[in-house]
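So for the sequence shown, my numbering puts the first residue at 21; every next one is plus one.
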Amino acid sequence: MAKRRKSQSNIALPWENTKGGFFRYWITGARLFGLALTIVVIALVVVTFRAQEERERVRTTRQAIEEAREALVRFREEFGRCPRSTIELVHPPSSSRRFLREMPKDGWGRELYVECPGYFDPDDVDVISAGPSGSFLIDDNIQ
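Structure (structure tokens):
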């Protein structure tokens with residue numbers, strides 16, 4: 021009996037490819053371009069979302085600073101002095117009227133720095149947020 025001759029199959033499945041294996045099959049030609057394009061699109065979406073989130077936090081911080089500044093000015097008008105601490109804005113000494121329900125926090129959830137009277141203008145108050153870094157030593161503070 022004669023040996024059976026191996027016939028060549030016209031069908032090639034990816035895992036049967038012996039010229040480079042499974043990995044080489046997936047990183048050739050259009051597949052590699054499609055993968056790179058997908059990664060670039062995802063990166064652009066993430067960067068855009070993060071920038072929008074950062075702008076929202078800065079906007080929230082500016083609103084909190086303005087709210088605290090207005091409360092400090094009203095306190096000074098009513099009592100003729102600066103509050104001893106920010107707790108006096110929430111629980112005033114001899115008045116039933118609160119200036120704040122709670123001390124506002126910046127967009128990152130940290131307390132605001134309050135200086136009364138202000139450093140440069142004694143007739144005003146300074147309300148500062150440490151910004152995204154959380155440190156007053158880094159130049160990203162929000163006033």
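By construction, the Cβ of each residue, glycine as well, lies at the ideal position given by its N, Cα and C atoms.
When only Cα atoms are considered, Y139 and I148 end up about 12 Å apart.
With respect to the 8 Å criterion, E131 and V145 are not classified as neighbours on the basis of their beta carbons. Counting along the chain, E135 sits inside the beta strand (DSSP E) bounded by residues 133-135. Annotation: R75 to R118 spans about 30 Å, alpha carbon to alpha carbon. For I148, the enclosing beta strand (DSSP E) covers residues 146-148.
Pairing I162 with G154 gives a Cβ-Cβ distance that is not under 8 Å. Within the model, the alpha-carbon separation for L92 versus G54 is close to 57 Å. For the pair V61 and E73, the Cα-to-Cα distance works out to about 18 Å. Taking 8 Å as the upper bound for CB-CB distance, D126 and T81 are in contact here, some 4 Å apart. E122 places its beta carbon less than 8 Å from that of V110. Pairing A88 with P124 gives a Cβ-Cβ distance under 8 Å. For K125, DSSP records a beta bridge to E131.
Assignment of I107 by DSSP, reduced to helix, strand and coil, places it in the helix class.
Sorting W128, P137, I85, G100 by C-alpha distance to the C-alpha of L120 places I85 at the top.
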